[in-house]
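In the order they appear, the protein sequences are chains Z and U.
So for the first sequence, this note's numbering puts the first residue at 30; every next one is plus one.
So for the second sequence, this note's numbering puts the first residue at 43; every next one is plus one.
C-beta: ideal position from N, C-alpha, C; glycine also.
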Amino acid sequence: MTSKNYKRIYVWELPVRIFHWINVLCITVLAATGFIIADPPALLSNREASETFLFGTVRFIHFAAAYIFFFNMILRLYWAFTGNRFANWRAFLPFSRKMRKNFWHVLKIDILLQNEKIHDVKNVSVGHNSVAALSYLALFILALVQVFTGFGLYSANTGWWLPKLFTWVVPLMGGDFIVRTIHHAATWGFILFTLIHVYLVFYHDWLEGRGEVSSMFGGYKFVREERIAKEDIIELKPTQSAGKPAAETAG
Amino acid sequence: MAFERITQETYYESIIRQGYSRRDFMKFATYIAAYMGLETSMIGQVAKSLESTFRIPVIWEHYQECTCCSESFIRSDHPIVSDIILDKISLDYTLTLMAASGHQAEAAKHATMEKYKGQYILCVEGSVPLGDDGNYCCIAGRSAKDLLLEAAEGAKAIIAWGSCACNGCVQAAYPNPTEATPIHKIIKNKPIIKVPGCPPIGEVMAGIIVHLITFDRLPELDNLGRPKAFYAKRVHDSCYRRPYYDAGLFAETFDDQNAREGYCLYKVGCRGPMTYNSCGTIKWNNGVSFPIQSGHGCIGCSEEEFWDNGPFYERLTGLAGFGIESSADTIGKVAAGVVAGGLAVHAIAANMSKRRELKESIRSGKDTEKHFTE
């Protein structure tokens, strides 16, 4: 038996990759500083309080990282409307018939580790598979929870209109206490996500050998030739601009 | 009748009649204007309003409460505060301090409610029990809810004194057996000023009443209905121990060296960073001190559900529904452990289940390697 033929396909565009790694950095910094803020280490110091600003610095880093996290998310949302089909917002809502089918397939084959009798290349996703797509949707909602509760708590300390937009969150929940508890507990959601996410990326790379891990650095994945021949890689169509059909007619 | 008061008297007249000098009066006007956060140029307006305004009739109702609000009020810094509001001027009805009692007291209240319909201020101290048909709190043979609805009907505005009236306080803590309910959940059609705290600071209470007299309108309220002048900032933001917080210097226990040094009480459960009140600036007992200054963390008494928000002496408290001992972190750590264990099992299972697929790709990879030419 000869080796299978693979083609290189450009999946993750540069903005997606930049988003991903900034996001990684922000979440790491936010979780670390967040836990320090929640339960600061015991310090013994001879210095006057006025000479040090340690905890203030930790909080500053937390707030600065939060702003970067937030604007990074905004840029990613923009890219969800302008990027390629794998970055498109539709790829994160796996509720169509085909995507639901893919969901059950991934659940059976990759999560519950059953073996398929006949290997169908169509089942191999090029971008996100449907289970992954759903996990990113959950992560996005989790991020929104952190943005709303975080800026809600922060809004009392600031004069800027942007965090002030979230002032209503605290009265809605009843008070700072419960908002802070939600903000703290949701952090664990990110930690659990990261564990599963990293594991499954390694799992796919190890089993399928299509460059799953390196794709988030270079942007490329390897796809079987037959898979590309089939037009419907994923049922998404590339976004068409309004002017395009006219140009085609002219051509 | 004996309990009928002179109504056509201004605040100033009654203060002078009480034996204060004009100088005392002007001092009071200056003092209260400062507490209300007004400019010095406004002192004249405060004084003028008190000189020319006839008293506003006040009905002060007591429901499920401990009277600490009234206690706080009559112990406020300046003697005129209690005199002006409680004794001389306003009160047509208050169970605790009025001379009349029984049928006379009730008659006085009804007389005020009829005579000044739409003009009087209703002050409510305490929450209203809705459970068991309101039987847990009855005054003069009627339930608190019944009395509140009646009194609120003709009120110009309602002041909800203290955490009981604002959010239910201790009697509304889980499981809230009497269904203690704050005022704003019962009365929807009247402006309500919430003055939370257990009790609220006396000067804050006086400041709000003087604001109503001076400007004839409600003070500016935040989106929880609390006057911004007193509840816009966290206790934390005006705390004199804040530099220790910013430096990361915390008391670990109440009897360690750090506590003796006066370090921040954040780690022993201080609720200052989550509590909106003026304790750090106005303070208590004539500005002598406030809890944090006395070495005890803030318990967040002016915040909703402060009794249910976990132990007062812990920074990280339990999550509702997960038991007392489990904080968010305990649950998170267990979940992370379970997930990590699950992933390890998955990895082993994958090696076994997918061994044929793996062997195949190793074989085909090796095959390609053989055909590799330098």
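Got a sec: is the Cβ-Cβ distance from Z/His134 to anything in chain U below 8 Å? no
What residues of chain U sit near Z/Leu144, judged by a beta carbon separation below 8 Å? For the sequence presented, residue 144 of chain Z should be read as Asn rather than Leu. Simply Ser395, Lys396, Arg398, Glu399.
In chain order, what residues of the same chain lie with their CB nearer than 6 Å to the CB of U/Pro99, ignoring the 5 residues before and after it? Asp134, Thr154, Tyr158, Tyr162
Please check if any C-beta of chain Z sits within less than 8 Å of the C-beta of U/Lys309. yes
Among Z/Thr62, Z/Gly85, Z/Phe222, Z/Lys250, whose alpha-carbon lies nearest the alpha-carbon of U/Ala382? Z/Phe222
In the structure shown, what three-state DSSP assignment does Z/Lys130 receive? helix
Is the beta carbon of U/Ser185 closer than 8 Å to that of U/Pro224? no
So with CB distances below 7 Å, who are the chain U contacts of Z/Gly85? Asp288
Status (buried if at least 16 other CB within 10 Å, exposed otherwise) for U/Tyr282: exposed
Going straight from the alpha carbon of Z/Gly247 to that of Z/Phe231, what length do you get? 16 Å
For U/Gly239 and U/Ser344, which I take to be in contact (beta-carbon distance under 8 Å), what is that distance rounded to the nearest angstrom? 4 Å
Any C-beta of chain U under 8 Å from that of Z/Tyr249: no
Measuring only the C-alpha atoms, how far is Z/Glu77 from U/Thr295? 20 Å
Do you know offhand how far U/Ile234's Cα is from U/Leu254's? 12 Å
U/Leu137 to U/Ala199 span [Cα, whole Å]: 20 Å
DSSP three-state call for Z/Ile147: helix, strand or coil? coil
Rounded C-alpha distance that separates Z/Gly240 from Z/Asp234: 6 Å
Beta-bridge partners of U/Thr52, as assigned by DSSP: U/Phe96
Do U/Gly304 and U/Arg276 come within 8 Å of each other at the CB atom, strictly closer than that value? no
For the beta strand (DSSP E) that contains U/Ala202, what are its first and last residues? 199-203
Could you check where the beta strand (DSSP E) with Z/Phe251 kicks off and where it finishes? 249-253
Residues in the same chain with beta-carbon distance under 7 Å from U/Ile131, minus the five sequence neighbours each way, listed in chain order, please. Reliability fails at U/Ile131, whose pLDDT of 46 lies under 50, so the model's placement of it is uncertain and the value that follows must be treated cautiously. Tyr53, Ser56, Arg97.
Where Z/Leu72 meets chain U, residues with beta-carbon distance less than 8 Å: Gly290, Leu291, Phe292
Can you confirm whether Z/Ala78, when its beta carbon is compared against all beta carbons of chain U, has any partner nearer than 8 Å? yes
Starting from the beta carbon of U/Arg357, find every residue of chain Z whose beta carbon is closer than 8 Å, and list them in chain order. Ala67, Asp68
Do Z/Val160 and Z/Leu136 have their beta-carbon atoms positioned less than 8 Å apart in this structure? yes
Given a cut-off of 8 Å, decide if Z/Ala116 and Z/Trp108 are closer than it, judged by their beta-carbon atoms. yes
Can you grab the Cα-Cα spacing for the pair U/Ala147 / U/Gly183, in whole Å? 13 Å
Quick one: grab the DSSP three-state call for U/Lys130. Low per-residue confidence applies at U/Lys130: pLDDT is 49, beneath 50, and the placement is therefore not dependable enough to give any value.
Could you pull out every unbroken alpha helix (DSSP H) segment of at least 4 residues lying fully inside the segment 137-197 of chain U, listed in chain order? 144-157, 186-195
Determine, for Z/Arg46, whether the minimum Cβ-Cβ distance to residues of chain U falls below 8 Å. no
For U/Glu345: DSSP bridge partner residues: Answer by DSSP bridge pairing: none, since U/Glu345 is not bridged.
Taking U/Phe70 and U/Met247 to be in contact with their CB atoms under 8 Å, please state how far apart those CB atoms are, rounded to whole angstroms. Going by Cβ atoms, the distance from U/Phe70 to U/Met247 rounds to 15 Å, so no, they are not a contact pair.
Rounded separation between Z/Leu43 and Z/Ile170 - CA only: 24 Å
Taking only three categories from DSSP, how would you classify U/His104? strand
DSSP three-state call for Z/Ile38: helix, strand or coil? strand
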